[in-house]
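Residue numbers (the numbering used here), protein chains in the order written: chain A, 7 to 240; chain B, 7 to 240; chain C, 7 to 240; chain D, 7 to 240. First the structure, in the form of structure tokens, and then the observations on it.
There are 4 protein chains.
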Amino acid sequence: MPSKPKTKPAAPPSAGRPRKSPRERASTGRAPARRRADAKTADARRAAILAAALDVFSRHGFATARLDDVAAKAGIAKGTLYLYFASKEALFEELIRSHVTPLLDNLESAAAGAPPAALIARFFELFRTEILGTERKFILQLLISEGARFPAIAEFYHREVVSRGLHLIRSAIRDGGDAGMLPADTLERFPQLIVAPLILSIVWDSLFGRIDPLDVEGMLQAHARLLTAGKSSQ
Amino acid sequence: MPSKPKTKPAAPPSAGRPRKSPRERASTGRAPARRRADAKTADARRAAILAAALDVFSRHGFATARLDDVAAKAGIAKGTLYLYFASKEALFEELIRSHVTPLLDNLESAAAGAPPAALIARFFELFRTEILGTERKFILQLLISEGARFPAIAEFYHREVVSRGLHLIRSAIRDGGDAGMLPADTLERFPQLIVAPLILSIVWDSLFGRIDPLDVEGMLQAHARLLTAGKSSQ
Amino acid sequence: MPSKPKTKPAAPPSAGRPRKSPRERASTGRAPARRRADAKTADARRAAILAAALDVFSRHGFATARLDDVAAKAGIAKGTLYLYFASKEALFEELIRSHVTPLLDNLESAAAGAPPAALIARFFELFRTEILGTERKFILQLLISEGARFPAIAEFYHREVVSRGLHLIRSAIRDGGDAGMLPADTLERFPQLIVAPLILSIVWDSLFGRIDPLDVEGMLQAHARLLTAGKSSQ
Amino acid sequence: MPSKPKTKPAAPPSAGRPRKSPRERASTGRAPARRRADAKTADARRAAILAAALDVFSRHGFATARLDDVAAKAGIAKGTLYLYFASKEALFEELIRSHVTPLLDNLESAAAGAPPAALIARFFELFRTEILGTERKFILQLLISEGARFPAIAEFYHREVVSRGLHLIRSAIRDGGDAGMLPADTLERFPQLIVAPLILSIVWDSLFGRIDPLDVEGMLQAHARLLTAGKSSQ
DNA sequence: GATGAATGAGTGTTCATTCAT
DNA sequence: AATGAATGAACACTCATTCAT
């Protein structure tokens, strides 16, 4: 995961979120001058920290991760971390947050009025290309393993991703008629059944990936076939 | 498993092995004196420690859990822990191990030559009654969240539970003919698809259980229907 | 040093010293009957403990030695130690004490009115045969390395051994006339000069014995020649 | 020794090495910023720690010494210790090392081609002024009492001090002809006989210094007389 | 803003000692 | 007397956080 130039639309760090990290420029009233140069540097630093944090947290988990390592990997001094993030927890939470939002819009716009089967196909494809091959996989693993200890993060993720995603699926199923998806009403009630293999693949990878790799692509194709099984046979 | 000479399940947690003393000392070979009273006490203490450990580890995770708390909750002194477990890690690993083995026999014996659909039904029922309602749920959550940091545990679980469970399913599908299960060959290749919702329910519970409880029973019934969807329609 | 059947006139454990260890037979007023059988066992146990203690203390030093190891090596339970010795410190002190006294009588009687040169020869010979080749070497090393932390032991040793030994030498020199020993008055004032190489050999062995063994016998012969140097040349 | 490329004396304790920071971090290669003020402070702190360590280790011995006490006595927080020394053992070893090297040069340069008797006189004088009256006495006592448990230290001391010192004596004896030293060949073979009283005085002081102080100066003079006894009489 | 030395609370582990059996 | 399980005080070491420069 380190040095992966692929997808990094990560956190648009100058976007609308009221980032307050560089300590709300307290004290001195001088030097409100420079903007572009330093602003870019600050954003770059922030990004570097987040990238380093992802690497270190992924490797060791939240509790065992050392901010020393994060700072070293980000190429900054340890104290500098606290200019950008209020605490280890804050860094962790913002790390998760920064990697969560982007994908959603992608999904929602991409699957407006498509038929359910297409949506699912698109869904799985997105998962494989935008998550499995990416640092986002590690975010998901962190979320799964540490989420219970970070209720705010869990709630945020539920609100921003899970409920939106499930809603997306429900809508597609409802709107798409019974375009082949056999137990449409069932899946409308439990859209989790559609994503369950995705979760399994994440968990499987973190636990058994080394000793018994899983053919995720094959499994997802099989799952898609399963979900649309009735179509051809009816 | 009493008739399965395969692997060494480390610490048969309740069996009758005459554990001579906590942490058997290699030194003396004498004095097998009193037995009844203390043996029971030692087992009880061990059980109390494991129970306390499950509680504390579940609440805080491995790294953040304090052995002080475990000892206090077990009603013993901190040093006593080390008469029963060599280290925090050993305690954790034995905690997982001690809760893993039992269920297996249950499964394997229960579903000898049953038809796939019945096996799945039985499978889900076992999951609901023997895991969801039990401390085993926490064991599973611990396994999922900490397993990546405990390769020995992950491997043990894969060997003792996962591979055996998947093998069980595969066999049933193969033997059971296509007794209604639509894509039998598919499920034989990816039996993970059958258990995926179980994993999802565990993860969901740990993350969103508080804010958005999941109707696991309903979902599993739906899943079972999904898996056997073609039956009635064919 | 373990399993060295040579010299073990160690501590005559039933001699006049008011050993009080087996806990001054408190509580029960019964069973003052048996004597020989158990007394012998008790003495044997006591000896076994002291032997084990010598081994363990020698290997690890006082602070790092573990009473577990002493008990194990003595073939008794840990708690039993406290029936014979009040504490780790008491065990250590009695260990030193038990090995100290015997040699003195030997010396004093052996060198009654002998000429100084003969005394010194006898002295060095005794050192080589009764200390260097014996467990007493370890006692001396323990004394040297731990004595500063055990004032009672140091004082005891000074009183029982050092001052008596030095007195012995002084007397011999004074009584023996200047039978060849060159600076008789000098050595009478500093008999330590005679024993200094003995101490050095003990220290040298414990520090450098492994990497640069010392020919103690040769050195002592040379020392003896040095001390009686003037004799032949005058 | 400045002209002696032989061994690496580990940590030149006061030299000008621009120690970048306590416990040089392998990570960043930047920021050699401030130097004067902090560099001095860092060295002072290091010295303060070593001084405190000498005091505490001398008083209690290695195993019983508490790093809490060292830190308190050095006027720093406990964690700060670990910025300067990797562990208790490392602190102890560097403590010994830091006090060992300096004296050597002194000796070697001071006694180039001097006659043996003069060398010995100089030797004993150095011992009295540079060791007995100094903290080095405690270093020697620590070495003697703990050396057996620190092979690296013992070897280091043997290499840096003992062998060099003995070599010095041997050379002087050989080069100095038999300028009065009676058994020149004997002493050349066992130069330890010359230093034995020094060791004895160190041991004596640590054990009996309180109850029976030793006139070291008198003893050393007597020893010198003994060593050169034949001169006047021949 | 950036640095990194300093801090000190926190915790796993050891082991001499006790005591119920 | 003997046992050995239980105790709990003690301590080395870590690391998130602070702050003087």
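Backbone N, C-alpha and C fix where the C-beta goes; we use that ideal spot for every residue, glycine too. Note that the structure is predicted; figures quoted are calculated from it, not measured.
Closer than 7 Å by beta-carbon distance: list the chain B residues that pair up with residue i, in chain order.
i, result
"A69 of chain A", "G67, A69, T70"
"L199 of chain A", "P203, M225, A228, H229, L232"
With DSSP collapsed to three states, give me the class of residue i.
i, result
"A230 of chain B", "helix"
"G171 of chain D", "helix"
"L220 of chain B", "coil"
"E166 of chain C", "helix"
"F144 of chain B", "helix"
"F68 of chain D", "coil"
"I82 of chain D", "coil"
"V156 of chain B", "Reading off the sequence shown, one finds Phe at residue 156 of chain B, where the question assumed Val. F156 of chain B falls in the coil class under three-state DSSP."
"P197 of chain C", "coil"
"P121 of chain A", "coil"
"S104 of chain D", "helix"
"M225 of chain B", "helix"
"S93 of chain C", "coil"
Which chain A residues sit within Cβ distance under 9 Å of residue i?
i, result
"G153 of chain B", "S151, V209, S212, L213, F214"
Applying a beta-carbon distance threshold of less than 9 Å, which residues of chain D neighbour residue i?
i, result
"G224 of chain C", "R195, F196"
"P121 of chain C", "Here the premise fails: no neighbours, minimum Cβ distance about 18 Å."
So residue i and residue j are supposed to be a Cβ contact under 8 Å. How far apart are they, rounded?
i, j, result
"T192 of chain C", "R231 of chain D", "6 Å"
"A202 of chain A", "P203 of chain B", "5 Å"
"F68 of chain A", "E152 of chain A", "5 Å"
"P122 of chain B", "G81 of chain B", "The pair is not a contact, with the Cβ atoms about 47 Å apart (cut-off 8 Å)."
"P197 of chain B", "R176 of chain B", "6 Å"
"L109 of chain C", "E141 of chain C", "That pair is no contact at about 12 Å."
"L125 of chain C", "A178 of chain C", "4 Å"
Give the interface partners of residue i over in chain A, defined as CB-CB distance under 8 Å, in chain order.
i, result
"P192 of chain B", "Note on residue identity: the sequence assigns Thr, not Pro, to residue 192 of chain B. Within chain A, the residues near T192 of chain B are A228, R231, L232."
Name the chain C residues that come within less than 8 Å of residue i, Cβ to Cβ?
i, result
"H164 of chain D", "L213, F214, I217, D218"
Measure from the alpha carbon of residue i to the alpha carbon of each residue in the options, then state which is nearest.
i, options, result
"A54 of chain C", "C:G139, C:L87, C:S64, C:T70", "C:L87"
"L226 of chain B", "A:T135, A:F91, A:I200", "A:I200"
"V106 of chain C", "C:F130, C:Y163, C:D181, C:P197", "C:Y163"
"G64 of chain B", "B:S104, B:L149, B:E194", "A quick correction: the sequence has Ser, not Gly, at residue 64 of chain B. Of the listed residues, the one whose Cα sits closest to S64 of chain B is B:L149."
"S115 of chain A", "A:G85, A:R170, A:R103, A:W210", "A:R170"
"Q147 of chain D", "D:L97, D:W210, D:E161", "D:W210"
"K84 of chain C", "C:A59, C:L101, C:T70", "C:A59"
"E223 of chain B", "A:R195, A:D221, A:L138, A:A71", "A:R195"
"E99 of chain B", "B:I126, B:R142, B:I159", "B:I159"
"H241 of chain A", "B:L113, B:L89, B:A154", "It is not possible to answer for residue 241 of chain A, since the shown part of chain A is limited to 7 through 240."
"D111 of chain C", "C:L101, C:A92, C:A77, C:L132", "C:L132"
"F144 of chain A", "A:F129, A:D61, A:A228, A:T47", "A:D61"
"L101 of chain C", "C:R52, C:I126, C:A78", "C:R52"
"L172 of chain B", "A:P157, A:S212, A:D218, A:E161", "A:D218"
"F156 of chain A", "A:A96, A:S207, A:R180, A:A127", "A:A96"
"D75 of chain B", "B:S212, B:L56, B:L89", "B:L56"
"A221 of chain B", "B:K94, B:V168, B:L233, B:S207", "Correcting the residue identity first, residue 221 of chain B is Asp in this sequence and not Ala. The option with the nearest alpha carbon to D221 of chain B is B:S207."
"K94 of chain C", "C:T47, C:L73, C:I205, C:S104", "C:L73"
"A89 of chain A", "A:R180, A:A120, A:A48, A:H229", "Residue identity differs from the one stated: residue 89 of chain A is Leu in this sequence, not Ala. That would be A:A48, whose Cα lies nearest to the Cα of L89 of chain A."
"S104 of chain B", "B:A190, B:V167, B:G139", "B:V167"
Give the interface partners of residue i over in chain B, defined as CB-CB distance under 8 Å, in chain order.
i, result
"I205 of chain A", "A202, I205, L206, V209"
Which chain C residues sit within Cβ distance under 9 Å of residue i?
i, result
"V168 of chain D", "W210, L213, F214, D218"
What residues of chain D sit near residue i, judged by a beta carbon separation below 7 Å?
i, result
"E161 of chain C", "I217"
Kindly list, in the order they appear in chain C, the residues whose Cβ is closer than 7 Å to that of residue i.
i, result
"L174 of chain D", "Neighbours of L174 of chain D on chain C: none; closest Cβ ~16 Å, over 7 Å."
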